[in-house]
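Below you'll find the structure, written out as structure tokens, and then a few comments.
Okay, here's the thing in structure tokens:
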């Protein structure tokens with residue numbers, strides 16, 4: 324059974340794919356629309372939680388939600404929560420993967436354009452698509468740290484096309500993500516003119532998040 328609040332899960336069994344970057348920016352986007360957002364961090368590295376701890380009071384508030392690495396609940400979001408973003412751990416599989424997909428309304432998978440990441444993500448994407456179909460959960464992929472001029476980006480596009488995976492967007496590799504993350508900020512918390520190219524890349528993702 325789906326929750327009253329919309330649950331967005333960011334998942335990839337491969338570590339270092341950019342799950343926390345995507346999770347924090349999704350949470351930042353939703354909060355910028357005045358939604359009541361909870362960001363749950365089940366990754367042992369706790370990158371999203373550290374991001375929250377650095378978030379200044381001058382920007383939109385994002386609440387936290389305690390999750391164990393096995394995604395067991397230690398607390399529940401308040402009844403007025405509108406959106407929950409779950410940053411999942413690497414290596415998520417088996418019943419834990421099935422449980423979190425059953426809980427989700429949307430699942431987004433970040434993938435880096437390296438041969439190793441592409442190969443490591445193949446079986447996971449196939450399994451995830453099956454679980455999403457069974458639970459009637461929407462699923463999409465985001466290419467992360469992609470330079471459109473490189474051969475690796477073409478390989479990533481070819482790979483995703485071969486699996487007939489819905490691709491929301493390709494996000495470029497920019498230091499803005501690192502600088503903002505260190506200060507608890509997302510792309511949606513600063514002056515748009517500084518990062519308009521990046522916000523343009525985020526538009527398809529935002530549209531997908533907003534859709535019912």
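Residue numbers (my numbering): 324 to 535.
C-beta atoms are modelled at their ideal positions from N, C-alpha and C, and glycine is treated no differently.
Alpha carbon of residue i to alpha carbon of residue j, nearest angstrom
i, j, result
"residue 373", "residue 481", "35 Å"
"residue 499", "residue 533", "24 Å"
"residue 521", "residue 330", "24 Å"
"residue 535", "residue 477", "31 Å"
"residue 405", "residue 440", "33 Å"
"residue 491", "residue 362", "21 Å"
"residue 336", "residue 456", "19 Å"
"residue 501", "residue 433", "16 Å"
"residue 514", "residue 359", "22 Å"
"residue 421", "residue 356", "30 Å"
"residue 487", "residue 452", "10 Å"
"residue 353", "residue 472", "31 Å"
"residue 525", "residue 469", "13 Å"
"residue 408", "residue 528", "14 Å"
"residue 333", "residue 431", "5 Å"
"residue 475", "residue 435", "9 Å"
Residue i in three-state terms, based on DSSP
i, result
"residue 469", "coil"
"residue 449", "helix"
"residue 353", "helix"
"residue 476", "helix"
"residue 513", "coil"
"residue 492", "strand"
"residue 387", "strand"
"residue 443", "helix"
"residue 484", "helix"
First through last residue of the beta strand (DSSP E) which encompasses residue i
i, result
"residue 433", "429-434"
"residue 363", "360-364"
"residue 407", "406-410"
The alpha helix (DSSP H) enclosing residue i, as first and last residue numbers
i, result
"residue 315", "Because the chain is modelled from 324 through 535, residue 315 falls outside the range shown and cannot be assessed."
"residue 521", "519-533"
"residue 505", "498-505"
"residue 340", "Note, residue 340: premise wrong, no alpha helix (DSSP H); not H, not E."
"residue 375", "370-376"
Presumed contact (8 Å Cβ cut-off) between residue i and residue j, rounded CB distance
i, j, result
"residue 348", "residue 507", "Contact flag wrong, Cβ pair sits at about 12 Å."
"residue 346", "residue 446", "That pair is no contact at about 23 Å."
"residue 505", "residue 344", "Going by Cβ atoms, the distance from residue 505 to residue 344 rounds to 12 Å, so no, they are not a contact pair."
Are the stretch 455-474 and the stretch 424-435 in contact at 8 Å, needing three or more beta carbon pairs?
-> Short answer: they touch.
Okay, do the stretch 362-373 and the stretch 462-475 touch, 3+ Cβ pairs below 8 Å being the bar?
-> Flag = no, the stretch 362-373 and the stretch 462-475 do not touch.
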